[in-house]
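Undergrad:
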Amino acid sequence: MKILDVRCAVIGDSPIVRVVTDEGVDGFGEIEHSKPQVNKLIGLYSDLLLGQDPTDVERCMLRIRRFGGFKPWGSLVSAIEMALWDVAGKAAGLPVHKLLGGKVRDRVRVYNGGVRPALRGHEPNDYAESMAVMAAAEEGFTLFKEGVGFHGFMAPNVPGFFYGDLREGTKHPNRGMLTEKGIAHIVACVQAMKDVLGEGRGLALDMGPGFTVPDAITVLRALEPLHILWAEDLLSGDGVPWVDAAQYREVTRATSIPTHTGEQIYLRNNYKELISTQAVRVIGPDPGDVGGIAELKWVAEYADLHGIQIAPHGVSSGLFGLAALVQVCATLPDNFIAFEYPVPTQDWWYSIVGGLPNPIVVDGFITVGSAPGLGIDIDRDAALAHMDPADRHFFDWIPRS
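Each number in the working numbering corresponds to the 1-based position in the sequence shown with 31 added.
1) Would you list, in sequence order, the uninterrupted beta strand (DSSP E) runs of no fewer than 3 residues that lie entirely inside the stretch 102-159?
2) Taking its Cβ as the centre, do 16 or more other Cβ atoms sit within 10 Å of Pro-390, making it buried, or is it exposed?
3) Can you give the beta carbon distance from Val-357 to Val-88, rounded, assuming they're within the 8 Å contact cut?
4) Closest to Val-141 by CA distance: which of Ala-114, Asp-275, Gly-171 and Val-135 is it?
5) So, under 8 Å CB-CB, Pro-403 and Ile-397 are touching, yes? Tell me the CB distance rounded to an integer number of Å.
6) Rounding to the nearest angstrom, what Cα-Cα distance links Thr-213 and Tyr-372 in this structure?
7) Identify every residue that forms a DSSP beta bridge with Lys-176.
8) How do the stretch 303-317 and the stretch 332-350 stand: do at least 3 beta-carbon pairs fall below 8 Å, yes or no?
9) Which value, in whole angstroms, describes the spacing of the CA atoms of Gly-270 and Ser-348?
10) For Ile-339, name the three-state secondary structure that DSSP assigns.
11) Count Cβ pairs between the stretch 153-171 and the stretch 210-225 that sit closer than 8 Å; are there 3 or more?
12) Which residue wins for smallest C-alpha separation from Ile-121, given the options Ala-361, Val-135, Val-50 and Thr-283?
13) Using 8 Å as the Cβ pair cut-off and three pairs as the minimum, do the stretch 376-384 and the stretch 158-168 touch?
14) Under 8 Å between the Cβ atoms of Leu-27 and Ala-369?
15) Could you name the residues of the same chain whose beta carbon sits closer than 6 Å to that of Gly-241, not counting the 5 residues immediately before and after it, in chain order?
16) Suppose you measure from the CA of Leu-197 to the CA of Pro-187; what does that come to, to the nearest Å?
17) Any contact of the stretch 276-291 with the stretch 246-255, i.e. 3+ C-beta pairs under 8 Å?
18) Restricting to runs no shorter than 3 residues, where is the beta strand (DSSP E) found entirely within the stretch 362-420?
19) Taking the alpha-carbon positions, what's the Thr-362 to Leu-353 distance?
20) With a threshold of 7 Å on Cβ separation, who are the neighbours of Thr-86 within its own chain once the five nearest residues in sequence on each side are excluded?
21) Determine the direct distance from the alpha carbon of Tyr-76 to that of Ser-307, and round the result to whole angstroms.
22) Grouping DSSP H, G and I as helix and E and B as strand, with all else coil, what is Leu-209?
23) Within a Cβ cutoff of 7 Å, which residues of the same chain sit near Glu-263, ignoring the five residues on either side of it in sequence?
24) With distances taken between CB atoms, is the gap from Ile-34 to Leu-107 smaller than 8 Å?
25) According to DSSP, which residues form a beta bridge with Ile-42?
26) For Val-50, which beta-bridge partners are listed by DSSP?
27) Among Val-274, Gly-233, Trp-273 and Asp-317, which one has its Cα closest to the Cα of Pro-289?
28) In whole angstroms, what is the alpha-carbon distance linking Arg-97 and Gly-323?
29) With a Cβ-Cβ cutoff of 8 Å, do Asp-275 and Gly-105 count as a contact?
30) For a minimum of 3 consecutive residues, which ranges assigned as the beta strand (DSSP E) are wholly contained in the stretch 212-273?
31) Under 8 Å between the Cβ atoms of Ile-62 and Ser-45?
32) From Pro-126 to Thr-52, what distance separates their C-alpha atoms?
33) Quick one: measure Cβ to Cβ for Tyr-279 and Leu-298, integer angstroms, because I've assumed they're closer than 8 Å.
34) Pro-148: which of Met-165, Lys-134 and Gly-132 sits nearest, CA to CA?
35) Per the DSSP calculation, His-291 is bridged to which residue(s)?
36) Could you check the C-alpha separation between Asp-295 and Leu-266 for me, to the nearest Å?
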């Protein structure tokens, strides 16, 4: 089997990678909908893979892996890797989890970070109201995550929240020293959410990036009585192309609340110090940014050797990302907690992608299927209605001239 082409097109607002082979087998991978422009870089990787055997996944990855970087620059490499595993599984007639060594669990736990209403405001009652809706979701989630602090829009909407210069925009641009009011506001909002959830359901917090080390320690110590699952990306995270293990370790050693980071990190190499020095208690690689699903598995196993838990990121990974997460998380060691349940931005995705369980989530878990590859496929004719006409040849089998 040989690769004829590697393509990327935006369906809806999600970049989808397709690996085309000479034996009528193809595979798919997905990139977060927040990165629609990365499809323009596909030629960098496709030229390196033409003529290669897609079932030799690692050999293919050795050709392209070094041409990626921290989020968003590793996303195409990661999506190609998922698509290669999809091809390999379909060619072998086996689900990807069998190719990764087999499953150790028949269902995987997911946490709710995306099945949610928009916050009406940024006062404690607003967070309580939103959490009540999240907790009532028909999926029966038992673990939840909400953004507070510098993650999201608390900083620009709470006057006197911190001493830094306020920056407008998305991607969490603010950082600096919190005021006493800011610290108290975070604690009050978290308390309001915990009052809704009670002791039977867990709450994780997406908090940064942007905290100083002293503020991170102060806030987490104040939250310790609430038994928070983890505090995510306090110092670095989404959109930050580095990670400072020494600073994270200082915070980690000062509190009983587990610290968590990793969604933006590309490759196991960049997790080495974070894990080997036990700088955090939980890591959260995203298969769409870390370099793919095998890369995530390697990171998980290295973390397990050091007593570190894993809760993979994935809220914007789409349905192909969801399928990839199910496959790899079925194979992870017992340090696996749950992965973040991906939610497409358009409901029609559920009608054009087949193969997922129905319902997908029951009591907070997804059953691991046995279909070949990633276990799902796409209605190609239906998908074309949601694509740019310039990409109408995306599903063709004609090789590149």
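Heads up, the beta-carbon is just placed ideally off N, CA and C, and yes, glycines get one too.
From a predicted model like this one, the values you see are computed outputs, not experimental measurements.
TA: According to the structure data:
1) 138-142
2) Label assigned to Pro-390: exposed.
3) The pair is not a contact, with the Cβ atoms about 18 Å apart (cut-off 8 Å).
4) Ranking Ala-114, Asp-275, Gly-171 and Val-135 by Cα distance to Val-141 puts Gly-171 first.
5) Incorrect: roughly 18 Å between the Cβ atoms, too far for contact.
6) Going by the sequence as given, residue 213 is Gly instead of Thr. Looking at the two C-alpha atoms, the distance is approximately 30 Å.
7) Ala-235
8) Short answer: they touch.
9) 16 Å
10) coil
11) yes
12) Checking the sequence, you will find Lys at residue 121 rather than Ile. Closest option to Lys-121, Cα to Cα, is Val-50.
13) Not touching, per the Cβ criterion.
14) For residue 27 there is no data in the structure shown, the boundaries of the chain being 32 and 432.
15) If the five residues before and after Gly-241 are omitted, its C-beta is found closer than 6 Å to the C-beta atoms of Phe-181, Asn-205 and Arg-206, all from its own chain and listed in chain order.
16) 7 Å
17) yes
18) 396-398
19) About 15 Å.
20) Within the same chain, Thr-86 has close Cβ partners Met-32, Val-118, Ala-119 and Ala-122.
21) 32 Å
22) strand
23) Ala-235, Leu-236, Asp-237, Met-238, His-291, Thr-292 and Gly-315
24) no
25) The secondary-structure analysis by DSSP pairs Ile-42 across a beta bridge with Ser-45 and Met-418.
26) Val-37 and Gly-58
27) Gly-233
28) Inter-residue distance for Arg-97 and Gly-323 is about 13 Å (C-alpha atoms, whole angstroms).
29) no
30) Listed in chain order, they are 233-237.
31) yes
32) Cα to Cα, Pro-126 sits roughly 18 Å from Thr-52.
33) About 18 Å separates the two Cβ atoms, so there is no contact after all.
34) Met-165
35) Glu-263 and Val-313
36) Note on identity: in this sequence residue 295 is Gln, with Asp being the wrong assignment. Cα to Cα, Gln-295 sits roughly 12 Å from Leu-266.
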